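Data first, discussion second: the structure below is written as structure tokens.
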Amino acid sequence: MAYTAEKAFNLIESAHQSGRLAHAFLITGEAGSGKSSLAARIIQLVNPPADAGGGANLFGEMEQPQEKTLDELEGELVRIVRPRSKSRRILVDDMRKLEKSFFVASAPGKWKVGVILHADRMGEGAENAFLKTLEEPPSDCLLLLVSDAPELLLPTILSRCVRLPLMAAAGERITSAAQNELLEALASMARQGIGNISAALTLRAAFSGILARRRAEISKVNDVAFKEETKKYKNTTDSDRWLDDREKFYLAHTESEYLNEREKLIEVLVSWVGDVVRQKCGVSQLDFPSEKGVTARIADAHDLRDLLRRMDGMEELRANLETNVQEQLALEVAFLTAFG
């Protein structure tokens with residue numbers, strides 16, 4: 001079950017007030033769901049700023065203090081770990097520095113907080129180093145992992161965190177460059193109307209092209225990470241076997257990241273067709289309000305039974321891709337069903 005950021009904060013606040021706050025939270029959700037803002041609010045909950053009570057304005061009315069961002073909160077009590085290096089990975093040294101900071105004394109009543117942004121960018125070594133802190137956290141320490149791809153994390157990390165999946169508020173969904181490209185392709189297809197086989201196959205080709213480019217980009221980043229490790233460890237004992245294992249790790253990681261990206265793009269397709277169905281049913285809240293005019297025209301041109309059949313085609317694609325079905329064949333069948 002996904003929460004709004006406000007609902008998630010209320011749950012955390014209640015747990016804190018009752019003395020039942022967990023030591024580690026995994027905050028997940030798509031772009032625009034408020035992951036970083038929620039992390040900042042949690043930090044200010046456990047370590048209230050000196051001006052937490054607010055003040056009076058010129059008219060004598062009490063004002064709420066302005067909430068700070070994560071960057072503004074970073075300091076002695078709050079450590080933020082981000083991906084760095086050319087490969088945009090979180091390194092082992094980053095996690096060791098975070099662990100060390102937790103054992104530095106702090107003022108009574110203050111929490112030491114570690115925030116790991118893009119936690120899914122931890123390499124295997126960084127994850128293993130982090131597990132020690134996660135399994136045996138010092139008292140009055142709080143760990144906040146932020147990720148939009150939690151499935152890339154080790155199961156042992158997932159099992160030790162309380163998960164807070166967030167949903168974007170209506171109209172606040174933020175799309176990536178690849179998702180925007182797909183929305184443009186959908187709009188282009190819609191101008192010809194769904195039910196056109198040629199347009200459906202053109203859309204499938206555009207979708208496959210986006211997937212291929214994203215796979216190449218992901219592979220390039222992981223190739224850089226592997227080359228960095230090769231340069232660092234090539235002269236160590238038994239390096240050939242170790243580097244062979246690392247090469248296999250990065251190949252597997254590339255595939256995992258690609259599948260995660262593919263799922264996000266399929267989610268765009270499902271949400272777009274869902275908006276068509278919602279418009280047909282008179283529902284005003286849409287996943288892509290910016291595409292309202294496009295999806296409304298499709299809704300007006302088709303009856304509900306036909307639209308639901310097309311929606312089923314997208315859901316069937318999801319199910320088929322979880323098996324060993326050939327990807328391009330599954331895409332072609334689904335696009336012909338949903339858009340042809």
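The sequence shown runs 1 to 340 under the numbering used here. Where a beta carbon is used, it is the ideal one built from N, C-alpha and C, also for glycine. All values reported here derive from a predicted model rather than from experimental measurement.
Chain-order list of residues whose beta-carbon lies under 7 Å from that of residue i (same chain, five-residue window excluded)
i: ARG318; result: ILE266
i: ALA301; result: GLY193
i: ALA296; result: GLN279
Separation of residue j from residue i, as counted between CA atoms
i: SER284; j: VAL277; result: 11 Å
i: MET62; j: PHE9; result: Interpretation of MET62 is limited by its pLDDT of 49, a score under 50 that renders its predicted location unreliable; no figure is taken from the coordinates.
i: GLU76; j: GLN44; result: 14 Å
i: GLU30; j: ALA40; result: 17 Å
i: SER33; j: LEU166; result: 6 Å
i: TYR258; j: GLN326; result: 15 Å
i: SER106; j: SER37; result: 24 Å
i: LYS234; j: LEU329; result: 42 Å
i: SER219; j: GLN17; result: 46 Å
i: LEU131; j: GLN179; result: 34 Å
i: PRO150; j: ARG191; result: 37 Å
i: ARG20; j: GLY209; result: 49 Å
i: ALA206; j: LEU152; result: 26 Å
i: ASP306; j: THR337; result: 10 Å
i: CYS161; j: ASP71; result: 23 Å
i: ALA168; j: GLU74; result: 25 Å
Contact set for residue i: own chain, Cβ-Cβ below 8 Å, skip 5 residues either direction
i: PRO83; result: ARG89, ILE90, LEU117, HIS118, ARG121
i: VAL281; result: Checking the sequence, you will find Cys at residue 281 rather than Val. Taken in chain order, the residues that qualify are LEU304.
Endpoints, beta strand (DSSP E) assigned at residue i
i: LYS35; result: Per DSSP, LYS35 belongs to no beta strand (DSSP E); it is in the alpha helix (DSSP H), 35-46.
i: GLY24; result: In the sequence under discussion, the amino acid at residue 24 is Ala, which differs from the Gly named in the question. 24-28 is the extent of the beta strand (DSSP E) around ALA24.
i: VAL81; result: 78-81
i: GLY114; result: 112-117
i: LEU145; result: 141-147
i: ARG163; result: 162-165
For residue i, the first and last residue of its enclosing alpha helix (DSSP H)
i: PRO155; result: 155-158
i: ARG20; result: Taken as a continuous stretch (DSSP letters only), ARG20 belongs to no alpha helix (DSSP H), as it is neither H nor E.
i: ASN320; result: 304-321
i: ASN180; result: 177-192
i: ASN128; result: 124-135
i: LYS100; result: 92-101
i: VAL283; result: Counting along the chain, VAL283 falls outside any alpha helix (DSSP H), and DSSP gives it neither H nor E.
Short Cβ contact (8 Å threshold) for residue i with residue j
i: LEU145; j: LEU26; result: yes
i: LEU203; j: ARG262; result: no
i: THR175; j: LEU183; result: yes
i: VAL46; j: LEU142; result: yes
i: PRO314; j: VAL270; result: Per the sequence presented here, residue 314 reads as Met, with Pro not at that position. Yes, the Cβ-Cβ distance between MET314 and VAL270 is below 8 Å.
i: ILE157; j: GLU135; result: no
i: TRP272; j: LEU186; result: yes
i: VAL92; j: ALA50; result: no
i: MET189; j: PHE288; result: no
Own chain, CB closer than 6 Å to residue i, minus 5 neighbours either side, in chain order
i: HIS23; result: PRO137
i: SER147; result: THR28, ALA119, ASP120
i: GLY123; result: ARG89
i: ILE12; result: ILE42
i: THR133; result: GLU99
i: ALA15; result: LEU21
i: ALA334; result: GLY313, LEU317
- Cβ contact check for the region 100-115 and the region 246-255: 3 or more pairs under 8 Å: no
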